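Heads up: take any position in the sequence shown, counting from 1, add 171, and you land on the numbering used here.
Glycine is no exception: its CB is placed at the ideal position from the N, C-alpha and C atoms.
Computed from a prediction, not measured in an experiment: that's the story for all the values here.
Heads up: the structure comes next, in structure tokens.
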Amino acid sequence: MSNSTITPWVVGNWKMNPMHANAFQLIEEFKQLLQQDNIAAEQCHIGVAPTSIVLTGVQAQLKDAARAVYTVAQDLSRVAGTGAYTGEVSAELLKDSQIEYVLIGHSERRELFGDNVEILKAKLQNALSAGLTVIYCVGESLEQREQGAAEQVVLQQICDIAAVVKAEQWQNIVVAYEPIWAIGTGKTASPADAQAMHAKIREGLKQITAFGATTAILYGGSVKAENAVELAACPDINGALVGGASLNAQSFYQIAKAFAQSK
Ligand code: PEP
């Protein structure tokens with residue numbers, strides 16, 4: 172069973188995928204599933220992360236859902252406040268739009284858009300200062316895993332941010348372990364391998380923060396309805412960050428249900 176003191180999180184990362192009509196339909200289907208068979212809010216936090224242009228539309232659409240479903244931004248600016256920063260969306264603008272959650276450090280941002288440690292630290296500081304909760308993504312490449320460096324890489328990614336997170340701000344951080352080789356590939360880390368890394372992350376967090384025992388650690392990487400129950404049964408896997416399978420309302424619902432029932 173999962174660590175019962177931590178409410179699991181299941182968050183769908185839509186990436187640059189559904190157009191408005193598809194996003195609308197997806198949310199309508201998901202709302203209907205919750206209507207038919209609700210998942211208690213205290214059993215599982217549920218969130219969806221649409222692209223920024225769809226974010227507030229989805230948020231409005233979710234207002235009459237049978238339970239809270241959070242809207243999560245996929246990214247934010249490394250620049251704080253307002254100003255002459257063409258194309259950017261700041262933490263304050265997210266907060267002003269009642270968006271309370273943001274992903275930071277997704278491997279696609281790190282690999283394709285140059286989000287290095289300094290940029291990630293700036294984004295994190297901005298998000299936390301604005302009062303947002305951050306889902307901070309970490310994970311090793313296949314090469315790093317094959318070299319036996321997975322644990323070191325992942326723990327370093329956690330340490331990278333420790334200098335800029337104030338003691339009490341750790342309450343507003345969720346960690347998502349996403350081995351890069353498992354993202355969008357159909358290859359999932361085995362529950363045993365995922366659990367082993369999550370246990371290491373838990374140990375690392377306990378050394379860094381007083382909230383280390385209660386920080387939710389999500390797994391991401393080809394999570395689907397078919398493997399969610401097994402992953403949810405691992406004691407240190409406190410939820411899932413779901414890409415592809417979150418684009419299907421039924422699969423996403425089944426994943427949320429699996430984690431809710433693992434409590
Ligand atoms: C992700 O991008 O965060 C992810 C885990 O994707 P997928 O579930 O498609 O592997």
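Please work out which residues of its chain come closer than 8 Å, Cβ to Cβ, to residue i, disregarding the five sequence neighbours upstream and downstream, and give them in chain order.
i, result
"residue 321", "311, 315, 350 and 368"
"residue 396", "416, 421, 422, 425, 426 and 429"
"residue 270", "226, 227, 230, 242, 243, 244 and 303"
Is residue j closer than 8 Å to residue i when the C-beta atoms are compared?
i, j, result
"residue 386", "residue 402", "no"
"residue 222", "residue 272", "no"
"residue 370", "residue 407", "yes"
"residue 204", "residue 238", "no"
"residue 224", "residue 274", "no"
Note down, in chain order, each residue of its chain lying with its Cβ closer than 7 Å to the Cβ of residue i, except the 5 sequence neighbours on either side.
i, result
"residue 227", "268"
"residue 435", "This structure does not reach residue 435, given that the chain is present from 172 up to 434, and the question cannot be answered."
"residue 384", "377"
"residue 432", "none"
Along the alpha helix (DSSP H) that carries residue i, what are the first and last residues, could you check?
i, result
"residue 424", "420 to 432"
"residue 324", "321 to 333"
"residue 193", "191 to 207"
"residue 228", "223 to 232"
"residue 365", "362 to 379"
"residue 389", "Counting along the chain, residue 389 falls outside any alpha helix (DSSP H), though it belongs to the beta strand (DSSP E) covering 388 to 391."
"residue 265", "262 to 267"
Apart from the five residues just before and just after residue i, which ones in its own chain have a Cβ nearer than 6 Å to its Cβ?
i, result
"residue 230", "242"
"residue 380", "341"
"residue 313", "352"
"residue 382", "341 and 342"
"residue 399", "426 and 429"
To the nearest angstrom, report how far apart residue i and residue j are at their CA atoms.
i, j, result
"residue 283", "residue 390", "21 Å"
"residue 418", "residue 185", "7 Å"
"residue 372", "residue 344", "13 Å"
"residue 252", "residue 290", "16 Å"
"residue 172", "residue 258", "With a pLDDT of 41 at residue 172, under the threshold of 50, the modelled position of that residue is not reliable, and no figure is offered here."
"residue 296", "residue 394", "29 Å"
"residue 436", "residue 405", "Any question about residue 436 goes unanswered here, given that the chain covers just 172 to 434."
"residue 213", "residue 234", "18 Å"
"residue 211", "residue 318", "42 Å"
I need the boundaries of the beta strand (DSSP E) containing residue i, first residue and last residue.
i, result
"residue 413", "410 to 413"
"residue 216", "216 to 220"
"residue 309", "304 to 309"
"residue 518", "Outside the shown range of the chain, which is 172 to 434, sits residue 518, and nothing can be said about it."
"residue 347", "344 to 348"
"residue 400", "Run containing residue 400: none in the beta strand (DSSP E); it sits in the alpha helix (DSSP H), 396 to 403."
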